[in-house]
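Just so you know, our numbering puts 89 at position 80 of the sequence shown, and the rest follows in order with no gaps.
Just so it is clear, CB atoms sit at the ideal spot from N, CA and C, and this is done for glycine as well.
Worksheet for the structure shown next.
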Amino acid sequence: MRLLRWWRRWRAPASTYDDELEASARRIAKLRAEGARIAPGCVLFSGKFSREPWLVEPGANVAVAGSASFVAHDGVAFLLRDREPNAQLFGRIVERHFGLDGGGPGAGPGEGTKR
Numbered sequence: 010m011r012l013l014r015w016w017r018r019w020r021a022p023a024s025t026y027d028d029e030l031e032a033s034a035r036r037i038a039k040l041r042a043e044g045a046r047i048a049p050g051c052v053l054f055s056g057k058f059s060r061e062p063w064l065v066e067p068g069a070n071v072a073v074a075g076s077a078s079f080v081a082h083d084g085v086a087f088l089l090r091d092r093e094p095n096a097q098l099f100g101r102i103v104e105r106h107f108g109l110d111g112g113g114p115g116a117g118p119g120e121g122t123k124r
């Protein structure tokens, strides 16, 4: 029962902007524990950040909207398997400072703002 109450509180939608900022701080702490490099002042409005958080690096004062997605590597290397059996295509996604990811964009390897 206790776990169920915790789960409801964790998954409950934020009711105010302050609740959303609190949820963002919890997400950022969890991602930093998994190896992500997230600069101070970053806000994550999405629970879905990346499957490999250590390959995504948002800078200071970057806001990531709920529908943004980061794809550190995709299935393109699969197309090259006949020519290059060990081909891999992945890279770090770096968002410098004062950026906004929102509205469903997808950022791929080597992409991000270069400011």
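Asked                                                                                                         : Found
Top-ranked residue by Cα proximity to Ala32, from Ser55, Ala72, Gly44                                         : Ser55
Burial state of Phe87, where buried means 16 or more other Cβ atoms lie within 10 Å                           : exposed
The region 42 to 49 contacting the region 73 to 83, beta-carbon criterion three pairs below 8 Å               : no
Entirely enclosed beta strand (DSSP E) segments - the region 15 to 92, minimum 3 residues                     : 65 to 67
Inter-residue spacing [alpha-carbon to alpha-carbon] between Ala34 and Thr25                                  : 14 Å
Among Pro94, Asp91, Glu61, nearest to Ser78 - alpha-carbon criterion                                          : Glu61
Burial state of Pro94, where buried means 16 or more other Cβ atoms lie within 10 Å                           : exposed
Val85 classed as buried or exposed, judged by whether at least 16 other C-beta atoms fall within 10 angstroms : exposed
6 Å CB neighbourhood of Ala96 in its chain, flanking five on each side removed                                : Ala86, Leu89
Whole-angstrom distance between Lys57 and Asp27, CA atom to CA atom                                           : 20 Å
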